[in-house]
Amino acid sequence: MTASSAQILAPNLGYEHIVLFGDSLTELGTYDPHGWGNSLARRYNRKLQVSGRGLGGYNSYWLKFAISPILADFPPSKIKLFVLLIGTNDSTTAASNQHVPVEIYRENLSAIIALFRAHSSDARVLVLTPPPISASVVYDNYQFENSRNYRDACIEAVNGVSFDHVALLDTWSLLVPDNSFEDPSFDPTSIDRFFGDKLHLSELGNDVFYEGIAQKIDKEWPELNHEVLATKLPSNYQLGPPAILGDDTAVKEWLFQDTD
1 MTASSAQILA PNLGYEHIVL FGDSLTELGT YDPHGWGNSL ARRYNRKLQV SGRGLGGYNS
61 YWLKFAISPI LADFPPSKIK LFVLLIGTND STTAASNQHV PVEIYRENLS AIIALFRAHS
121 SDARVLVLTP PPISASVVYD NYQFENSRNY RDACIEAVNG VSFDHVALLD TWSLLVPDNS
181 FEDPSFDPTS IDRFFGDKLH LSELGNDVFY EGIAQKIDKE WPELNHEVLA TKLPSNYQLG
241 PPAILGDDTA VKEWLFQDTD
């Protein structure tokens, strides 16, 4: 029996979120057409809302104070995953106002993860290590050896948290799968193809990041695999009732009958 139009109630179709936090690697990754965040948004289209909150030029210290005000826009129950990529600017030399000592950087990461968990206790957290640069020195203040130290500090911070559902993705191993970067003689110019200006990701670098993030999510949290998540509203418009009939009940049945 066909339900009446009055009996078919429209469900709450508000999207749950994946929230991306970081510096310019996240900001560019979100709005660049080939950015890793943009690719992630396409992956979860009509399933989860990928919300980029990258802040170009920021370090972990500045970001720490921005987290809670930004999260005011996100109901705690609506956040499924946080992705954090911060540390490149922290690693600048002491001459830069962006510099954060590595010990303080480690503490800031732990504090940011705690802020995520305080806001949304059930959300998953994926932390990416700040990637290498593809030269010994870039823009005077970025040094390859410094970036290695901040990568190590990030790993230590994530391994040291006591929260559940916190995972680490080592971007160095993404870009250099054989881990040859551990050799003191490693030549950073060998990874130049992954960077547009030796600091920010190229299209290829963004692709590698996206694939690594997607695979990590699927492995750590299968329930967030895009293939198992329900699509918001029917995707096959050809099955929709003819609009010319003006049959409100038929439209509501098509739209909402199979919605949880």
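With full-length UniProt numbering as the guide, the letters of the sequence shown map in order to residues 1 to 260.
Glycine included, each C-beta is placed from N, C-alpha and C at the ideal position.
Cβ of Ser120 within 8 angstroms of Cβ of Pro76? yes
The segment 77–84 contacting the segment 18–25, beta-carbon criterion three pairs below 8 angstroms: Proximity of the segment 77–84 to the segment 18–25 meets the contact definition, three or more beta-carbon pairs being nearer than 8 angstroms.
Near Tyr105, which residues of its chain fall below 7 angstroms by C-beta distance, leaving aside the five closest residues on each side in sequence? Ser60, Gly87, Asp90, Tyr150 and Ala153
Cβ-based burial, Val125 [other Cβ within 10 Å; buried from 16]: Taking all protein chains in view, the Cβ of Val125 is crowded by 16 or more other Cβ atoms within 10 Å, so the residue is classified as buried.
Beta-carbon of Glu253 versus every beta-carbon of chain C: anything under 8 angstroms? No chain C appears in this structure, which consists of one protein chain only.
May I ask you to list the residues that DSSP assigns as paired with Ser52? For clarity, residue 52 is Gly in the given sequence; the question names Ser instead. Gly52 pairs with Leu20.
Looking only at C-alpha atoms, which of Arg148, Ser134, Val166 and Pro132 sits nearest to Leu115? Val166
Alpha carbon of Glu145 to alpha carbon of Ser185, nearest angstrom: 11 angstroms
7 angstroms Cβ shell around Val161 - same chain, five flanking residues per side excluded: Ser110 and Ile113
When you compare the CB positions of Tyr139 and Leu199, do they come within less than 8 angstroms of one another, or not? Going by C-beta atoms, Tyr139 is nearer than 8 angstroms to Leu199.
Could you please give me the residues that DSSP links to Arg117 through a beta bridge? DSSP lists no partner for Arg117.
Excluding the 5 residues flanking Leu175 on each side, which residues of the same chain have their C-beta closer than 6 angstroms to its C-beta? Correct list, in chain order: Ile191 and Phe194.
From Arg148, Lys80 and Phe74, residue whose alpha carbon lies closest to that of Val102: Arg148
Does DSSP put Ile79 in a helix, a strand or coil? Reduced to three states, the DSSP call for Ile79 is strand.
Work out the CA separation of Pro234 and Asp247 for me, nearest whole Å. 17 angstroms
Let's see if you can read the secondary structure: which residues bound the alpha helix (DSSP H) around Ala41? Trp36 to Arg43
CA-to-CA distance, Thr189 to Ser202, given in whole angstroms: If you draw a straight line from the Cα of Ser202 to the Cα of Thr189, it comes to about 14 angstroms.
Which first and last residues belong to the alpha helix (DSSP H) in which Ala66 is found? Ser60 to Leu71
Sort Leu128, Gly54 and Lys232 by Cα distance to Asn45 and report the nearest one. Lys232
In three-state DSSP terms, what is Val161? coil
Run through the DSSP bridge pairs and tell me what Arg106 is partnered with. Answer by DSSP bridge pairing: none, since Arg106 is not bridged.
Own chain partners of Glu220 with C-beta closer than 6 angstroms, once the 5 adjacent residues on each side are dropped: Excluding sequence neighbours, Glu220 sits near Ala167.
Give me the Cα-Cα distance between Met1 and Glu253, rounded to the nearest whole angstrom. Confidence is the limiting factor: at Met1 the pLDDT is only 36, short of 50, which leaves the residue's position unreliable and the question unanswerable from this model.
Taking all protein chains shown into account, decide if Gln98 is buried (16 or more other Cβ within 10 angstroms of its Cβ) or exposed. buried
Is the separation between the beta-carbon of Phe181 and that of Pro132 shorter than 8 angstroms? Judged by beta-carbon spacing, Pro132 lies within the 8 angstroms limit of Phe181, meaning their Cβ atoms are closer than that value.
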